[in-house]
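Peer 1: In this text, residue positions in the sequence shown follow my numbering: the first is 1303, and each later residue adds one. Attaching a single structure in structure tokens format; questions to follow.
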Amino acid sequence: MSKGMPNMGGMGGNMANIMRQAQKMQKEVQATTEELNKTEYTGKSVDDFVTVKVTGDKKIADMTISEKIIDPDDPDTLQDMLIDALNNAFEAVDNDKEAKLGKYTNGLM
């Protein structure tokens, strides 16, 4: 090796460290995602007439509808309450995912 050529021997070690860090981060993301998918989130409508529980992978786990809101002559109100509760639950999922995975995605989610 001539005096003017830089020593490239250290690059292999740096690349190996980068690969180890990437693999570690990938395992952490996978574990966090699995944890989030098992977590239940609750969404509620106005005055808690409808309560919905969803999992982190956005599957509906449970739903409670108050008898007070069931009116055969006004199905639109019940529909609105269901939509409101579901949207609140899904928003809770998204917020938690962003909080827990944001450090890995750097705001890309």
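The beta-carbon is built from N, C-alpha and C at its ideal position, and this holds for glycine as well.
#1: Within 10 angstroms of its Cβ, does G1315 collect 16 or more other Cβ (buried), or is it exposed?
#2: In this structure, how does DSSP classify S1304 when only helix, strand and coil are distinguished?
#3: Specify the secondary structure class of K1360 as computed by DSSP and reduced to three states.
#4: In the stretch 1308–1392, which residue ranges form an unbroken beta strand (DSSP E) of at least 3 residues, counting only runs that do not cross its ends?
#5: Return the CA-CA distance between M1310 and M1317, expressed in angstroms with no decimal places.
#6: Is the Cβ-Cβ distance between E1342 and K1360 less than 8 Å?
Peer 2: Checking against the coordinates, here is how it stands:
#1: exposed
#2: Reliability of the predicted coordinates at S1304 is poor, the pLDDT of 48 falling under 50, and the value obtained from them is presented with this limitation in mind. S1304: coil per DSSP, three-state reduction.
#3: coil
#4: 1342–1346, 1352–1357 and 1362–1367
#5: Low per-residue confidence applies at M1310: pLDDT is 48, beneath 50, and the placement is therefore not dependable, though the value from the model is reported in the following sentence. M1310 and M1317: Cα-Cα distance of roughly 12 Å.
#6: no
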